[in-house]
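There are 2 protein chains.
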Amino acid sequence: MNRFLVLRDAYGSVQAILPDSKRHQFEEIVKSLNYESVLRIRGVVRNRGKARNPKIKTGDIELEIDDLEVINEAPPVLPLLSDQNALEQTKLKYRYLEFRSEDMQQKFRLRAQVTSRLRHFFEKLGFVEVETPTLSQWTPGGAAEFLVPAAKPNLGRFYTLPQSPQLYKQLLMCGGIDRYFQIARCYRDEATKSDRQPEFTQVDFELSFTSKEKVMQLVEELIKTAWPESLNEYEIFSSPFQRMKYEQAMNDYGTDKPDLRIPWKFENCPKKMASILKTGVEEKENFSARMFIAKGTGRHCTEEPMSVWKKLIEINPHAQPFDIFIPPNQTGFNNWDSDFDTNDLVTKYDIGPDDAVVFCWGETDGVQRTLGFLRNYLADTIGLRKKSGFKFVWIVDFPFFEKKQGNFECLHHPFTAPIKEDEIRLWKMEGLENIIAQHYDLVLNGVELGGGTIRIHDPKLQRHVFEKVLKLPTKHLEPFFEALSYGAPPHGGFALGLDRFIALLSQQGNVHTSIRDVIAFPKTKDGKCFLMNTPNEAPPGTLERYGLQIVKGEEKQNLV
Amino acid sequence: MNRFLVLRDAYGSVQAILPDSKRHQFEEIVKSLNYESVLRIRGVVRNRGKARNPKIKTGDIELEIDDLEVINEAPPVLPLLSDQNALEQTKLKYRYLEFRSEDMQQKFRLRAQVTSRLRHFFEKLGFVEVETPTLSQWTPGGAAEFLVPAAKPNLGRFYTLPQSPQLYKQLLMCGGIDRYFQIARCYRDEATKSDRQPEFTQVDFELSFTSKEKVMQLVEELIKTAWPESLNEYEIFSSPFQRMKYEQAMNDYGTDKPDLRIPWKFENCPKKMASILKTGVEEKENFSARMFIAKGTGRHCTEEPMSVWKKLIEINPHAQPFDIFIPPNQTGFNNWDSDFDTNDLVTKYDIGPDDAVVFCWGETDGVQRTLGFLRNYLADTIGLRKKSGFKFVWIVDFPFFEKKQGNFECLHHPFTAPIKEDEIRLWKMEGLENIIAQHYDLVLNGVELGGGTIRIHDPKLQRHVFEKVLKLPTKHLEPFFEALSYGAPPHGGFALGLDRFIALLSQQGNVHTSIRDVIAFPKTKDGKCFLMNTPNEAPPGTLERYGLQIVKGEEKQNLV
């Protein structure tokens, strides 16, 4: 025994054998060697003949050891390999050991391959890769941005890490770099949102003299070019991608990122049912009672998941009351209400014994959103969102603004141009809620993969949006307004979330995957890295260097 | 008049002409149009016939205007275009207008092209591109690192922006990603050093089971592959690149980054001259008197540049006294000292009437460095460092440590392995100054283009270097030491300064070029961006968000 070793590298493994002639020299070493040690072996590759193992790729051969050197010995027990069910925290702490698995090797090689193809696509079309600064200036509106304090001679002043290269790429357009791209590192300080990372990667491009249609076509070509052959699903997506207006998406699916692998659409509840539901509601204006039929989920609609869904939905400030009916004589809970015109329902909608009727009533927008969440939850009970396959859809014709507490905010961002027909109303500030933006979002399996807009190139209109409509401070934007004034070409672009795209690709479209899986050294939801113990105390002397002090009481919070 | 327009885009220009039939419709517009306005013109391309202009690329044709729309009108005067001698500050403020010049368009297209080739090279050889974090952990020793404060739940804690992906790439090696590369953004907070940028780009790679020789070969192949055809100088560099030991570089050129386009080497002053020079010196131990002959520079060695050089050199704490002799009867200053054996000098070194003898005396190391500076200054007087051409040289066999105020510091970085023969002495702490590191620097025209090392893969030796030799705190490095202990393969790598490489390429090897020229939105020496006005005050509420306050007295320093 113990005369065999399995040698592994990034590309596979092979068996090495200690021949009798070398036993006296190496047997003790081979016996005592720990797994995962690093060796240098010199030997002869031999045919294993009858002893061949057809189950493994290199099973026809073996390496007969002639010389052996232990380069770096591993300890008897390794943290992860000894425990297949290691906690998320432990896995992240020993991320480099996770990397040794075939699964991780494949994921990161896939990521590199797809990234490379994305770049080739742009290069072929004459896009110029330009690196833009990450020590940048804050922009009003948008996610919280990380600060980077400056030292002398700029004490008391700060850079910020950018959410995207938005302003810089627009400045490049002003500079006549008519086709730009960048695989850009971006930053958002919103660690508490689930499956967000404080730093992430964006495939960013912009071009001059373009249109919404041209950009969308480019993105479709981009994705097809980058698609790895290893995914059989290549044929699944149709060309061009499906398109859907924002209004329709909200109406049919209660979300602007519908997962179209789920076939269920919303509709109004039958009249009698709706009027019964309405009686208990105080606010009768803007009332809706809407429903969808969740085929095949009846048996899963028991009290237990129901209470979980209720809790999840109640977090949302717009949540409205909902309920689920399943036909009588089912194993699930049974609340089939005979006051409602249930027979009509069954007949009209061809409701089978294992179907569920999910319905919600109250303020229209809240009803739609509540049903939107439920559509995903119910689909999850029968694995619809885990199944492989890729359904792309463009969501278009977004409203430019939404009203929040009496103020207008942008649905996307303030650099977006309105559609031509709505420009005059924007100037006149008439019906701002109904102005349509030249904005397009690409959704894959219910996940927002990216978005883009045609930008405003008229400096006066850009100022008008910031000052008059959004009422935001523009001091830091003056240089940008000035740039637009020196003959900026019309332009537009797009940004694709690379981490999310790779995560979906590497899981054959399963949305229950985390971008953490395809980021080499990710942080937790709390923004921590358990491997390097970041964030941590400032290095000695650095706070003084930056003229800063920690506000009293915060010093010892939450030691890693 | 005024019936012609010149249309320009990123690729060239063409003449448009307003035909008589369209005069009534567009003449007023064409007359009043300002330069750099953005137009949309529809028309017919016509042969200019006899009116052709052979001096311009599109001189055979013209565009006969059929329809014309002014998309974005520029003002009558643009900041930069109206002033060819705009100040550096103004140029940076209107960087996007600079981008409209042919020179800038070419530079940034060159940068993109070379970057693309670098990546192709790595991809072809199976290197995997991996993105590593920039919200990172500080490492002891090395340049000052920017801080990034964290918000709740990590208040009072900080990330740092990395100087390089050093630790992460070594962790990837520990994880079996056996060939890694990345075009990585790196950060250093040392804005005061000339021609440094707070953020810069590094072509970073690392591989397992390699050697100094293999890495150096890879780098040479990398550079040849990336070399743009547009540079005629392609043939100039020989293969393999020249190699020089650190000791020889210091001895012959007084620097570890010699510009080998300058033919002058140092040697000892003749005996009589040396002994005269020594008489006035207090510290006789470790005394040298060294010189070099600067051919063809005699007429430039007047009092004026001499006093400038003196001032520049005196900044250096190691500076030693120097002087320059030129043969009698020259137009420059004449301090030919007949006490010295000048005739011998003239005969032995074949000193011509326009040559200068540059000599320096005192403490050996300071003498070498002083002459090293002077070699460059003198070369500049006759344009030797501006001339086109590329001289690569590898500097190898660096000392691992240098003694500074009684303590040992690393010449490069503490992750470097010593050469095999010196490993035992490192363990025994014997003759540390003489230990040779497996470190290699690539120098082009006197500019350090990049460097790399073979790393320590033995966790005990790595700890020994940090704790025993360098006496640095290792708390933050414990996870790294642990990673090495789980079977880390031997590995090594290299990092190439992309900005500097592109700067040299774009100027045909002229070293009097700034990396700012090839960075899209660079910062000044002081770390300021005049375009976006960064750094600036923190956005409202953010200091509170990060639990920080500015130390009193620093608030109003240095308004941008």
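Chains A and B, in that order, are what the protein sequence lines are.
Residues are numbered in this note's numbering as their position in the first sequence, beginning at 1, plus a constant of 959.
Residues are numbered in this note's numbering as their position in the second sequence, beginning at 1, plus a constant of 959.
We put the beta carbon where it would ideally sit given N, CA and C, even for glycine.
Since we're looking at a predicted model, the values are computed, not measured.
For Pro-1358 of chain A, the beta-bridge partners assigned by DSSP are A:Ile-1395. Contact annotation: in the stretch 1440–1459 of chain B, residues whose CB is within less than 7 Å of a CB in chain A are Ala-1442, Ser-1444, Tyr-1445, Gly-1446, Ala-1447, Pro-1448 and Pro-1449.
The DSSP-derived three-state label of Gly-1257 of chain B is helix. Neighbours of Leu-1022 of chain B in chain A, taken as residues at a C-beta separation under 8 Å, are lacking, since the least C-beta distance is about 16 Å.
Your pair Val-1355 of chain A and Tyr-1205 of chain A checks out as a contact, with CB atoms roughly 7 Å apart and the cut at 8 Å. Neighbourhood of Lys-1487 of chain A in chain B, by CB distance below 8 Å: Asn-1113, in chain order. Within the stretch 1306–1381 of chain A, the beta strand (DSSP E) runs of at least 3 residues that lie entirely inside it are, in chain order, 1315–1322, 1351–1355, 1360–1363 and 1366–1369. Against chain A, the beta carbon of Ala-1208 of chain B has no neighbour under 8 Å; the closest one sits roughly 32 Å away. Distances from the CA of Ala-1462 of chain A to each of A:Val-1305, A:Arg-1068 and A:Glu-1021 were compared; the closest alpha carbon is that of A:Arg-1068. Rounded to the nearest whole angstrom, the C-alpha separation of Lys-1362 of chain B and Glu-1392 of chain B is 7 Å.
Within the DSSP secondary-structure output, Pro-1108 of chain B pairs in a beta bridge with B:Phe-1117.
Counting every other CB atom within 10 Å of its CB across the protein chains shown gives Gln-1065 of chain B a total below 16, marking it as exposed. In the three-state DSSP reduction, Gly-1390 of chain B falls in the coil class, being neither helix nor strand. At least one C-beta of chain A is nearer than 8 Å to the C-beta of Asp-1148 of chain B. Taking 8 Å as the CB threshold, Ala-1110 of chain A lines the interface with chain B.
The beta carbon of His-1435 of chain A is closer than 8 Å to those of Gln-1096, Trp-1097, Thr-1098 and Pro-1099 in its chain, skipping five residues each way along the sequence. Here the C-alpha atom of Ala-1109 of chain A lies approximately 24 Å from the C-alpha atom of Asn-1492 of chain A. Flagged as an interface residue toward chain A: Pro-1157 of chain B, by a C-beta distance shorter than 8 Å. Within its own chain, the residues whose Cβ lies closer than 7 Å to the Cβ of Pro-1199 of chain A, once the five positions on either side in sequence are excluded, are Glu-1179, listed in chain order.
A straight-line Cα-Cα distance of about 9 Å links Cys-1228 of chain B and Leu-1304 of chain B. Residue state for Cys-1228 of chain A is assigned as coil, using DSSP reduced to three classes.
For His-1372 of chain A, no Cβ of chain B is located within less than 8 Å of the residue's own Cβ.
Collapsing the DSSP output to three states places Val-1003 of chain A in a strand.
For the stretch 1138–1182 of chain A, the continuous beta strand (DSSP E) assignments of 3+ residues that do not extend past its boundaries occur at 1138–1146 and 1158–1167, in sequence order. Between Ser-1075 of chain A and Glu-1082 of chain B, the CB-CB gap stays under 8 Å. Note on geometry: alpha-carbon atoms of Ile-1383 of chain A and Phe-1374 of chain A lie some 17 Å from one another. If you ignore the 5 residues before and after Leu-1166 of chain A, its C-beta comes within less than 6 Å of the C-beta of Arg-1138, all in its own chain and listed in chain order.
Annotated three-state conformation of Val-1470 of chain B is coil, per DSSP. Within the stretch 1413–1442 of chain B, contact with chain A at the beta-carbon level (separation under 8 Å) is assigned to His-1416, Asp-1417, His-1435, Pro-1438 and Ala-1442. Counting only residues of its own chain and dropping the five nearest sequence neighbours on each side, His-1371 of chain A has a CB closer than 7 Å to the CB of Phe-1357, Ala-1396, His-1398, Gly-1410 and Thr-1412. According to the DSSP assignment, Leu-966 of chain A belongs to no alpha helix (DSSP H) but to the beta strand (DSSP E) extending over 963–968.
Burial of Met-1063 of chain A is indicated by the presence of at least 16 other C-beta atoms within 10 angstroms of its C-beta.
At a Cβ-Cβ threshold of 8 Å, Ile-1020 of chain A and Arg-1007 of chain A count as neighbours. Taking C-alpha positions only, Pro-1312 of chain A is separated from Gly-1257 of chain A by approximately 8 Å. A check of alpha carbon separations from Leu-1177 of chain A across A:Trp-1353, A:Phe-985 and A:Ala-1338 identifies A:Trp-1353 as the nearest. The three-state secondary structure of Asn-1302 of chain B, taken from DSSP, is helix.
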